[in-house]
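Input: a single structure, listed below in structure tokens.
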Amino acid sequence: MTRYRALQDQALAANLEIPRRGLAMYTFGNVSAFDPALAVLAIKPSGVAYDELTRDDIVVVDLEGKVVEGRLRPSSDTRTHIVLYRHFTGIAGIAHTHSTYATGWAQARTPIPIYGTTHADYLAEDVPCTELLDDAALAGDYETATGHQILTCFRGRDPHHTPMVLVAGHGVFTWGASAEKAVYHAAVLEELARMAFITLSVNPETPRLSQSIVLKHFERKHGKNAYYGQTGVDSADHNVKAKS
Ligand SMILES: [Zn+2]
1444 MTRYRALQDQ
1454 ALAANLEIPR
1464 RGLAMYTFGN
1474 VSAFDPALAV
1484 LAIKPSGVAY
1494 DELTRDDIVV
1504 VDLEGKVVEG
1514 RLRPSSDTRT
1524 HIVLYRHFTG
1534 IAGIAHTHST
1544 YATGWAQART
1554 PIPIYGTTHA
1564 DYLAEDVPCT
1574 ELLDDAALAG
1584 DYETATGHQI
1594 LTCFRGRDPH
1604 HTPMVLVAGH
1614 GVFTWGASAE
1624 KAVYHAAVLE
1634 ELARMAFITL
1644 SVNPETPRLS
1654 QSIVLKHFER
1664 KHGKNAYYGQ
1674 TGVDSADHNV
1684 KAKS
């Protein structure tokens, strides 16, 4: 029994949600759970299929990327997770997927327009999309560069209010106050992407939802006087601020 067992259990449970929610096949995707007090994250090992994953396979890594527990290699995307934990203070879980509809928008390098209240319940803007990495970034540490590509996209944004991003030409990263919440946001993002795709198919000229409806929906769930759901359920998730 180690001090990391609870964190590994959280990471395992959240990773197993990925195939269960239809967000990835084979070994695609990964989730991490972060413990700010211990300054370590527990993450899926590289190249292990979800149906074979056990708690002992979950790798624990410090913020320098050094493995502190586990016998497997951590996900190849670990350094992207580390960049986000270092800069998005207050988040404690990150999910990365190539889920079909959201990745379609990422490959089209197009933010997902805010067409309806389902979207506005989760974020009050289009789902942002990063720029493509340039050749210089590709030549260096690709996964760290991917993290910085996301930070650049989040200049002037609050990562708590917008807990998701499309990475151009690649897939998605989502996050939250726990690994479970990060996967929840990955599932929400896939549904928003699918709805927006259908909306454009029905009417390519569909305008964005008006800002007053957007704010009404976002505020009733996330604002100071939120009244959606049961008191206090969502509030723990609202302390995230970007450091830079
Ligand atoms: Zn990927």
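Under this note's numbering, read the sequence shown as residues 1444 to 1687, first letter to last.
From the three backbone atoms N, C-alpha and C, an ideal C-beta is built for every residue, glycine too.
So which of the options has the shortest CA-CA distance to residue i?
| i | options | result |
| --- | --- | --- |
| residue 1624 | 1641, 1475, 1584 and 1548 | 1475 |
| residue 1566 | 1664, 1672, 1465 and 1671 | 1664 |
| residue 1612 | 1576, 1656, 1470 and 1537 | 1576 |
| residue 1657 | 1588, 1620, 1634 and 1560 | 1560 |
| residue 1480 | 1671, 1532, 1523 and 1562 | 1532 |
| residue 1643 | 1557, 1592, 1632 and 1668 | 1557 |
| residue 1510 | 1527, 1483, 1490 and 1534 | 1483 |
| residue 1689 | 1633, 1522, 1637 and 1473 | Here the chain has residues from 1444 to 1687 only, and residue 1689 is not among them. |
| residue 1573 | 1489, 1452, 1600 and 1652 | 1600 |
| residue 1591 | 1668, 1453 and 1530 | 1530 |
| residue 1603 | 1445, 1666, 1464 and 1490 | 1666 |
| residue 1639 | 1554, 1654 and 1669 | 1554 |
| residue 1436 | 1617, 1646, 1670 and 1468 | Since the first and last residues shown for the chain are 1444 and 1687, residue 1436 lies out of range. |
| residue 1468 | 1631, 1582, 1490 and 1654 | 1490 |
| residue 1508 | 1669, 1586 and 1453 | 1586 |
| residue 1654 | 1662, 1648 and 1473 | 1662 |
| residue 1571 | 1582, 1671 and 1593 | 1593 |
Does the distance from the C-beta atom of residue i to that of residue j stay below 9 Å?
| i | j | result |
| --- | --- | --- |
| residue 1496 | residue 1525 | no |
| residue 1466 | residue 1542 | yes |
| residue 1629 | residue 1538 | yes |
| residue 1626 | residue 1457 | yes |
| residue 1499 | residue 1513 | yes |
| residue 1486 | residue 1540 | no |
| residue 1635 | residue 1545 | yes |
| residue 1660 | residue 1579 | no |
| residue 1569 | residue 1651 | yes |
| residue 1528 | residue 1477 | yes |
| residue 1535 | residue 1621 | yes |
| residue 1728 | residue 1518 | Residue 1728 lies beyond the range of the chain shown here (1444 to 1687); nothing can be said about it. |
| residue 1463 | residue 1633 | no |
| residue 1516 | residue 1488 | yes |
Could you tell me if the beta carbon of residue i falls within a distance shorter than 8 Å of some heavy atom in ligand 2?
| i | result |
| --- | --- |
| residue 1533 | What this structure holds is ligand 1, not ligand 2. |
Establish whether the CB of residue i and some CB of chain B are separated by less than 9 Å.
| i | result |
| --- | --- |
| residue 1472 | In summary, chain B is missing from the structure at hand, where a single protein chain is found. |
(request) Indicate whether the contact test is met: 3 or more Cβ pairs, each with one atom in the region 1602-1612 and one in the region 1548-1558, closer than 8 Å. (result) Yes: the two stretches touch, three or more of their Cβ pairs being nearer than 8 Å.
(request) Could you tell me which uninterrupted beta strand (DSSP E) segments, each at least 3 residues in length, are contained entirely in the region 1566-1636, listed from first to last along the chain? (result) Entirely contained in the region 1566-1636, the beta strand (DSSP E) runs reaching 3 residues are, in chain order, 1607-1610 and 1614-1619.
(request) When you get a sec, list the residues whose CB is within less than 7 Å of any heavy atom of ligand 1, chain order please. (result) Matched residues: 1520, 1539, 1541, 1613 and 1614.
(request) Would you mind listing the alpha helix (DSSP H) stretches within the region 1504-1548 that are 4+ residues and don't spill past its ends, in chain order? (result) Runs of the alpha helix (DSSP H) inside the region 1504-1548: 1521-1530.
(message) To test your reading of the DSSP string, which unbroken beta strand (DSSP E) runs of 3 or more residues are found completely within the region 1465-1491?
(response) 1473-1478 and 1483-1486, all fully within the region 1465-1491.
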